[in-house]
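> When the letters of the sequence shown are read in order and numbered with mature numbering (1 follows the signal peptide of the UniProt record, and there is no 0), they come out as residues -27 to -1, 1 to 422.
Submitted below is the structure of interest, expressed as structure tokens.
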Amino acid sequence: MSRSVRSVAVALTVSVALAVNPAPAVAGGGHPAAPAPAPAHAPAVVPGPNDLSSLVDLGALGQGEIMIGGVKVPLPAAVAGVEAAAAVLGGLSILIFKAIAGALPGQPESGSSWGSSDGGEKGEPAPVEPKEAEYVNRFDFSAENTDKAAGGFSGVDEVAPGRYAVLADDKNEHGPVRAYFFTTADQKTFTRDGMVEFTDPQGKAYTEFMDPEEIRVLPNGNFLWTTEGSGKLGKVVAPQLIESTPDGKEIRRIDVPEYQVPNGFSTRGIYNNNGPEGMTLIHGGRTAVTVQENALAQDGAKNSEKDASLNRITFYDLDSGKPTREYVVRVEAGRGATSLLADENGELYMLERGFFKDLGENGENKAEIYKLDLHGADDVLGREKLTGGENTVSKHLVFDFATEKPHPDNVEGLAWGPRADDGRRTLIVVTDNNFNDTQTTYFHTVLVP
């Protein structure tokens, strides 16, 4: 008798024996196997040898034996026989393998590795626990930068894969309103690669007060950026959103709700230098969302090392240029909200940071990234003054820079990078050195789930 014929005979003997002996015993004290499952109604897929072997840990077979019709059959021989006969037995070979697998100690239960033909839960892979956020790298741009004007980085966004626009928070003190371009191949080293100057609609440099903070790239290639205005008495300037062409020429402006405009006395509107610091896009770039760095003056205490603040998150329809809804988020004591970023599903991530002068030798920054949940939060659009009883936006901590030393410096801008192989997203976080030699311009790289 040829070897292949003997293999088929062994396999058929196993199948018949399993049919009449629903609980075969494994020689050596193994546990009885569960009855073989009934065939599915849908046609069974005929597996190949590699598929069959995946049902059994072949290394665990050892020299065990299985009783078939009163005859001891070595387990490796039974497995090899069914593998060789797979083409002949078709779906029946699956049942035999499952029965053998169930008879082995330490093997998965029948159906736990192979799914039913109807695509039910048994065919789904075991859920993978999402990985946590991970700090990857910090790139010290200050160490190689010789241009003092190339600093104050408050906003960042990806304009093309591996290419970023970085907005300088410069109040016409070190140069025009501008953004620098940086390229990176690995999200760890960043190379300066040009600049765009923002101008008025006539293409002339701005002479009015501007305080640029956040920048985003619209689907049409234009830039949308925020200026947080001024709350100084006698120099009041309203915060605005400004759209500019790729070469920097202004197209239009979007006004904030009237109650956000400061009155110069710190009793209404934004506190000075605490306007819409963060801004992002959702709904395919049709909606802009801003967050105030601090509370509005009429809404309660200004953020301090002792007091948290209630900051407003405002949604704008970019077709009409009008605000459509508004929520309140509680920002931790000693911090300001400095950036807002949406993922492809419209989920919002917020960066908080603050400087604590009593930490370390010369003070240190604390910073955290949160994921926001707007469900259940009250829409306060049009509400001149908060009552303090509003249902606020929920926050979930995603990453705390306290896990990394030295401190992150004055982090202010968030942008997405590519997905890692494990599914996590790359976050690029830039710092604003305030054009100060004692501070550092970093590009931080963080992976988030």
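Note that CB positions come from ideal geometry on N, CA and C, so glycine has one too.
(1) So, for S367: in the same chain, excluding its five sequence neighbours on each side, which residues have a beta-carbon less than 6 Å away from its beta-carbon?
(2) Ignore the nearest five residues each way along the sequence and tell me which others in Y244's own chain have a CB closer than 7 Å to its CB.
(3) Suppose the cutoff is 6 Å on Cβ atoms and the five residues either side in sequence are ignored; what does the same chain contact list for E107 look like?
(4) Would you kindly work out how many angstroms separate the C-alpha atoms of I162 and H348, rounded to a whole number?
(5) Could you tell me the alpha carbon to alpha carbon distance between E385 and P134, rounded to whole angstroms?
(6) Starting from the C-beta of V304, find all residues in its chain whose C-beta is less than 7 Å away, skip the five residues before and the five after it, and write them out in chain order.
(7) Are the beta-carbon atoms of G125 and N407 separated by less than 8 Å?
(8) If you follow the beta strand (DSSP E) that Y300 is in, where does it begin and where does it stop?
(9) Which residues in the same chain as G2 place their Cβ atom closer than 6 Å to its Cβ, once the five residues preceding and following it in sequence are excluded?
(10) In whole angstroms, what is the alpha-carbon distance linking L321 and N193?
(11) Give every residue of the same chain whose Cβ lies closer than 8 Å to the Cβ of T260, excluding the five residues on either side of it in the sequence, and list them in chain order.
(12) Following the continuous beta strand (DSSP E) through D228, name the residue where it begins and the one where it ends.
(13) CB-CB under 8 Å to V132, same chain, minus the five flanking residues each way: which ones, in chain order?
(14) Please look up how many angstroms separate the CB atoms of V264 and M323, rounded, as I've assumed it's under 8 Å.
(15) Note down, in chain order, each residue of its chain lying with its Cβ closer than 7 Å to the Cβ of Q412, except the 5 sequence neighbours on either side.
(16) Work out the CA separation of T180 and D143 for me, nearest whole Å.
(17) Would you tell me roughly how many angstroms separate the C-alpha atoms of K339 and W198, rounded to the nearest one?
(18) Look at the Cβ atom of P212, then the Cβ atom of T200, and state whether they are nearer than 8 Å.
(19) Just the Cα atoms here: how many angstroms apart are V182 and E105?
(20) State yes or no: is the C-beta of K160 within less than 8 Å of the C-beta of T404?
(21) Just to confirm, is the Cβ distance from L370 to E337 under 8 Å?
(22) Would you report the Cα separation of D351 and D272, rounded to the nearest angstrom?
(23) How big is the Cα-Cα spacing for Y415 and P235?
(24) Extract the residue ranges of the beta strand (DSSP E) inside the segment 201 to 253, only unbroken runs of 3 or more that lie entirely within it.
(25) Which residue's Cα is closest to the Cα of N118: N110, D166, V150, G128?
(26) Taking the CB atoms as reference points, tell me whether L214 and L314 lie closer together than 8 Å.
(27) Measuring straight from C-alpha to C-alpha, what distance separates V209 and F374?
(28) Answer with buried or exposed for A178, where buried requires no fewer than 16 other C-beta atoms within 10 angstroms of its C-beta.
(29) Between D410, P422, I401, which has its C-alpha nearest F112's C-alpha?
(30) G96: buried (16+ other C-beta within 10 angstroms of its C-beta) or exposed?
(31) For P149 versus E223, is the C-beta distance shorter than 8 Å?
Taking the definition as stated:
(1) D346
(2) G204, N267, A270, K275
(3) L420
(4) Inspection of the sequence shows that residue 162 is occupied by Thr rather than by Ile. Rounded to whole angstroms, T162 to H348 spans 38 Å at the Cα level.
(5) 21 Å
(6) N276, A281, S282, N284, A310, E325
(7) yes
(8) 295 to 304
(9) In this prediction, G2 has a pLDDT of 38, which is less than 50 and means its spatial position is unreliable; nothing more can be read from the coordinates.
(10) 22 Å
(11) L254, F288, Y289, D290, L291, T297
(12) 223 to 228
(13) A138, F154, V190
(14) 6 Å
(15) D382, N383, N406
(16) 13 Å
(17) 25 Å
(18) yes
(19) For clarity, residue 182 is Phe in the given sequence; the question names Val instead. The straight-line gap from Cα to Cα measures roughly 42 Å.
(20) Per the sequence shown, the amino acid found at residue 160 is Gln instead of Lys. Taking 8 Å as the Cβ cut-off, Q160 and T404 do not qualify as a contacting pair.
(21) no
(22) 15 Å
(23) 32 Å
(24) 213 to 217, 223 to 228
(25) D166
(26) no
(27) 35 Å
(28) exposed
(29) I401
(30) At G96 the pLDDT is 48, less than 50, meaning the model places this residue with poor confidence and gives no usable figure here.
(31) no
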